[in-house]
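Chemist: Got a structure for you, questions after.
Residue numbers (our numbering), protein chains in the order written: chain A, 8 to 455; chain B, 15 to 540.
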């Protein structure tokens with residue numbers, strides 16, 4: 008087997024050194040009844056070529072985003088990733104290193120985590136950020152738990168326009184943690200007023216910007232309303248490119264900001280791995296979940312970086328930890344930070360303008376299709392259309408015309424009649440004028 | 015005297031000049047380059063990406079348009095490339111040397127797996143594409159699920175957990191859901207966890223409202239079965255047990271433990287972090303396990319990536335399978351279908367762990383590893399891992415001190431009694447390994463052993479590599495005993511950094527770069 012260096016002779020010599028007759032002796036603590044005599048009923052070893060053939064056949068059955076005019080969003084977005092990103096994250100020293108528990112020989116990882124934390128804090132307008140979470144949805148769940156710890160209250164208020172899967176993740180954690188949850192109904196017009204739901208028992212109000220229908224809102228008034236009752240405002244950013252054009256949540260008064268960082272550096276990957284962003288006010292830092300990297304000096308006084316404030320974490324605190332989390336999305340946040348470093352201030356804000364411009368053009372083109380109504384007055388790179396036919400049928404019919412046209416909101420909120428004819432449509436820098444024209448043409452045919 | 019070549023250039027080594035290393039002008043030391051923070055490399059206006067400004071258009075951002083600069087630095091592509099390459103050169107990695115971190119499983123990461131994960135049909139598909147356009151992606155998840163079920167002898171698997179600890183959470187939620195279905199969620203609140211467990215086990219149990227009750231270990235490193243049985247009662251929800259355990263030993267009474275917890279009405283959660291020792295030789299389903307997470311980044315070689323992403327699918331017994339979280343995949347009428355809502359399928363899912371399907375990129379890599387190894391290769395890999403650990407244990411137990419008799423499983427555990435009276439502690443010993451070109455082993459874990467050193471060589475090392483590692487540790491141990499404390503007390507001397515001041519880092523946390531730095535972030539932010 009090509010990955011196993013020991014030869015038959017090596018094994019024999021090693022067994023002799025151990026004083027064992029066979030490898031079976033080493034497994035003598037396994038109860039007799041549980042010892043497998045033979046091989047498990049699965050295929051035998053294969054060469055690279057055979058494995059490649061088999062997996063390529065599976066991959067070939069899928070339609071890749073880059074093959075067709077592609078407008079699917081709702082929490083994951085197709086962007087162009089510079090070639091440099093993938094080259095760098097595949098360097099052995101990054102790819103095959105462990106969590107930087109030995110800082111003397113992992114300064115590479117630690118320094119990029121420190122840079123990543125700084126970038127996330129800058130984008131979100133917050134004071135501190137951690138070294139990343141699994142993804143946006145789990146970061147959102149952890150943010151609610153953190154708000155409960157900070158406020159010592161047990162009730163969260165969720166916007167109905169928070170991505171339904173994020174709502175589910177929060178609900179799941181609340182359910183098992185015996186916390187209270189108030190979830191508003193979805194509001195496709197984007198005029199939801201949440202302030203009335205916040206009371207003295209409320210630990211936090213969770214609101215997504217842009218929301219699941221694409222609406223962009225100034226949340227300053229909501230933050231004031233939350234703070235007036237002693238509650239925190241948690242802002243969820245599903246598309247990190249949006250902060251190149253939108254007021255950062257920190258400036259709107261957010262106490263905790265979480266986001267999905269996939270758009271920078273990370274491919275769609277059918278849902279993961281992604282990179283959860285988590286930022287907060289400095290005064291809450293000791294209640295934050297996840298890893299934190301901090302600056303210090305070494306024995307010679309040289310600047311260096313270490314994982315820090317680990318007294319919050321499970322390997323020290325065990326059942327008293329702030330969270331059971333013991334990993335971050337290391338390589339995904341490396342991809343994020345490299346992509347953002349390549350973009351820089353100019354590139355990042357321009358990328359945001361291109362995304363917005365493309366979405367505006369697409370909204371105008373689709374809005375001109377007979378029977379189609381654009382639901383949004385405001386949006387960034389994603390908006391919602393209402394069609395005269397059920398959204399799921401329209402999307403399926405568009406597939407037949409070679410267009411992946413978005414996400415029917417009935418898929419995210421089945422059983423809600425108000426969602427039946429709505430489709431969330433995203434347009435990023437990857438879409439050309441031809442793509443948009445193809446979409447409008449196909450939609451017209453489908454609805455005719 | 016120097017010899018001269020044809021061009022008259024000196025070719026000698028210079029050894030006779032008596033030159034000693036000194037502080038350099040740049041701070042660099044040959045190939046080890048000092049590198050500023052990326053924010054200190056800012057060329058305002060520069061970018062490593064060429065994008066055309068869009069034509070004039072009327073924005074639709076309402077009242078939420080950003081004002082003012084963000085503060086991101088500008089760099090060209092070559093500058094960015096050099097920055098990260100230089101950073102990478104400060105990292106130790108499994109590709110550059112033996113990485114004996116016990117309990118972490120730093121094995122070879124085949125690059126075929128990377129290539130497969132980047133096939134556009136896997137890497138460039140969206141989790142909410144119409145399902146008829148992602149049949150191959152669903153097939154991949156279903157195929158991996160089949161392998162995991164066969165290898166563990168378990169009937170079901172929840173694929174979506176994003177890491178080991180997330181898998182633990184999923185498994186314990188499934189247990190809680192099953193207790194609810196029995197109407198016993200209010201009465202069964204206690205979870206039994208051995209002292210030697212990973213910190214995630216008690217943290218997970220506590221996160222969803224269980225109380226944690228610690229089980230002691232016997233003198234030979236196993237669960238104290240009598241003490242465990244004495245703790246069983248009608249208020250026990252589950253036992254969380256790592257097997258092989260964190261002392262590197264197989265819990266030989268495991269079937270008895272499983273039977274006892276079942277008899278008492280509780281469930282058996284197995285921490286599968288060490289499945290790589292037994293894959294292909296033992297199926298957890300045959301041991302009475304109800305739920306076990308599998309760290310794909312350990313057993314099935316998906317890269318650790320400097321701390322993630324992981325992936326932690328959870329195999330479930332018949333008793334827990336109905337409560338598996340959304341989404342899951344079914345195969346009917348010749349097509350794959352993802353069940354994303356309770357209304358679409360049978361079962362009583364307890365909820366949802368994450369937005370989408372889980373760590374697809376890791377699924378592809380893990381399946382690529384499995385297909386490459388096959389049933390025979392997976393069994394051989396486990397055997398080689400166990401053989402290598404035992405070889406280290408047998409070769410070093412005369413100079414280092416092993417608290418437990420062998421054989422061990424995939425990791426060899428030593429304590430610090432061999433350092434007694436030397437003035438050298440476990441930490442110093444580990445740091446001295448860095449100067450010898452090795453990443454240290456896991457230290458001070460498990461907690462049940464004083465000054466623990468947990469060594470996991472994995473199956474990826476050749477015998478020569480193991481022999482050199484053994485000789486190095488032997489030399490270090492003998493050196494410590496000879497009283498050569500300087501080799502240890504200030505180590506590492508030869509790494510990109512000397513020991514770092516972790517106390518200062520925690521006392522005055524600086525968690526981000528800011529203009530006018532050297533100011534603690536906490537102060538600057540006020």
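Even glycine gets a Cβ: it sits at the ideal position worked out from N, Cα and C.
#1: Between the Cα of residue 61 (chain A) and the Cα atoms of B:506, B:411, B:280 and B:378, which residue gives the shortest distance?
#2: Would you mind giving the Cβ-Cβ distance between residue 392 (chain A) and residue 379 (chain A), rounded to the nearest angstrom? I have them listed as a contact below 8 Å.
#3: State the Cα-Cα distance for the pair residue 179 (chain B) and residue 328 (chain B), rounded to the nearest angstrom.
#4: From what residue to what residue does the alpha helix (DSSP H) around residue 4 (chain A) run?
#5: Indicate the three-state DSSP secondary structure (helix, strand or coil) for residue 537 (chain B) in the structure shown.
#6: Note down, in chain order, all residues in the stretch 58–73 of chain A with a beta-carbon under 8 Å from any beta-carbon belonging to chain B.
#7: Decide if residue 425 (chain B) is buried, meaning its Cβ has at least 16 other Cβ atoms within 10 Å, or exposed.
#8: With a threshold of 16 other CB atoms inside 10 Å of the CB of residue 312 (chain B), please say whether the residue is buried or exposed.
#9: Taking only beta-carbon atoms, is residue 385 (chain A) less than 8 Å away from chain B?
#10: In whole angstroms, what separates the C-alpha of residue 532 (chain B) from that of residue 302 (chain A)?
#11: Does DSSP put residue 383 (chain B) in a helix, a strand or coil?
#12: Would residue 306 (chain B) pass as an interface residue toward chain A - the criterion being a Cβ-Cβ separation below 8 Å?
#13: Would you list the one or two residues that DSSP bridges to residue 161 (chain B)?
#14: In chain B, which residues lie less than 7 Å from residue 196 (chain A) when you measure between Cβ atoms?
#15: Can you pull the chain A residues whose beta carbon is under 8 Å from the beta carbon of residue 147 (chain B), in chain order?
#16: From the DSSP output, which residues share a beta bridge with residue 215 (chain A)?
#17: The beta strand (DSSP E) that contains residue 360 (chain B), what's its start and end?
#18: Pull up the distance between the alpha-carbon of residue 339 (chain B) and that of residue 326 (chain B), whole angstroms please.
#19: Determine the extent of the alpha helix (DSSP H) in which residue 417 (chain A) is found, giving its start and end residues.
#20: Which chain B residues are close to residue 86 (chain A), counting only those with a beta carbon under 9 Å from its beta carbon?
#21: Distance, Cα to Cα, residue 536 (chain B) vs residue 137 (chain A)?
#22: What is the residue span of the beta strand (DSSP E) that residue 352 (chain B) lies within?
#23: Mark residue 185 (chain B) as exposed unless 16 or more other C-beta atoms lie within 10 angstroms of its C-beta, in which case mark it buried.
#24: Report yes or no: do the stretch 358–367 of chain A and the stretch 352–367 of chain B share at least 3 C-beta pairs separated by less than 8 Å?
#25: Going by DSSP in three states, residue 188 (chain A) sits in which element: helix, strand or coil?
#26: Counting only beta-carbon separations shorter than 8 Å, does residue 533 (chain B) have a partner in chain A?
#27: List the residues of chain A that residue 418 (chain B) touches, going by C-beta distances under 7 Å, in chain order.
#28: Over the uninterrupted beta strand (DSSP E) stretch that includes residue 283 (chain B), give me the two end residues.
#29: Identify every residue that forms a DSSP beta bridge with residue 79 (chain B).
#30: Below 8 Å on the Cβ atoms is my contact criterion, and I expect residue 159 (chain B) with residue 171 (chain B) to pass it. Report the Cβ-Cβ distance as a whole number of Å.
#31: Say whether the stretch 169–182 of chain A touches the stretch 221–233 of chain A, bearing in mind that this needs 3 or more beta-carbon pairs closer than 8 Å, one atom from each stretch.
#32: Give, in chain order, every unbroken run of the alpha helix (DSSP H) that is at least 4 residues long and sits entirely within the stretch 418–481 of chain B.
#33: Could you spell out the range, first to last residue, of the alpha helix (DSSP H) harbouring residue 339 (chain A)?
#34: Starting from the Cα of residue 433 (chain A), find the closest Cα among A:452, A:450 and A:412 and give me that residue.
#35: Residue 319 (chain A): which of B:214, B:93 and B:94 sits nearest, CA to CA?
#36: Going by CA-CA distance only, name the one from A:409, A:209, A:205 and A:221 that's closest to residue 198 (chain A).
Modeler: Put simply:
#1: B:378
#2: 5 Å
#3: Spanning the two alpha carbons is a distance of roughly 11 Å.
#4: Given that chain A is displayed from residue 8 to residue 455, the structure contains no residue 4 (chain A) and the question cannot be resolved.
#5: Bear in mind that a pLDDT of 35 at residue 537 (chain B), under 50, signals an unreliable position, so the number given afterwards is only what the model happens to contain. Collapsing the DSSP output to three states places residue 537 (chain B) in a helix.
#6: 58, 59, 61, 62, 63, 64, 65, 66, 67, 68, 69, 70, 71, 72 and 73
#7: buried
#8: buried
#9: yes
#10: Annotation note: pLDDT 42 at residue 532 (chain B) (below 50); position unreliable, coordinate value reported separately. About 10 Å.
#11: helix
#12: Output row for residue 306 (chain B): interface = no.
#13: For residue 161 (chain B), which the question treats as bridged, DSSP gives no partner whatsoever.
#14: Those do not exist, as residue 196 (chain A) stays about 13 Å from chain B at its closest Cβ, beyond 7 Å.
#15: 69, 70, 406 and 411
#16: A:243
#17: Careful: residue 360 (chain B) lies outside any beta strand (DSSP E) and carries neither H nor E.
#18: 13 Å
#19: 416–419
#20: What residue 86 (chain A) touches in chain B: nothing, since even the nearest Cβ is about 11 Å away.
#21: Unreliable placement is indicated for residue 536 (chain B), whose pLDDT of 37 sits below 50; the coordinate value is still reported in the next sentence. The alpha-carbon of residue 536 (chain B) is positioned some 15 Å away from that of residue 137 (chain A).
#22: 349–353
#23: So residue 185 (chain B) counts as buried.
#24: Using a Cβ-Cβ distance cut-off of 8 Å, the stretch 358–367 of chain A and the stretch 352–367 of chain B are not in contact, since fewer than three pairs of beta carbons, one from each stretch, lie closer than that value.
#25: strand
#26: In this prediction, residue 533 (chain B) scores a pLDDT of 39, lower than 50, which makes its location untrustworthy; no coordinate-derived value is stated.
#27: By Cβ distance, chain A contributes nothing, its closest Cβ being about 11 Å from residue 418 (chain B), past 7 Å.
#28: 281–285
#29: A:253
#30: 5 Å
#31: no
#32: Segments of the alpha helix (DSSP H) lying fully in the stretch 418–481 of chain B: 440–449.
#33: Its alpha helix (DSSP H) spans residues 337–374.
#34: Checked all of A:452, A:450 and A:412; the closest Cα to residue 433 (chain A) is A:412.
#35: B:214
#36: A:221
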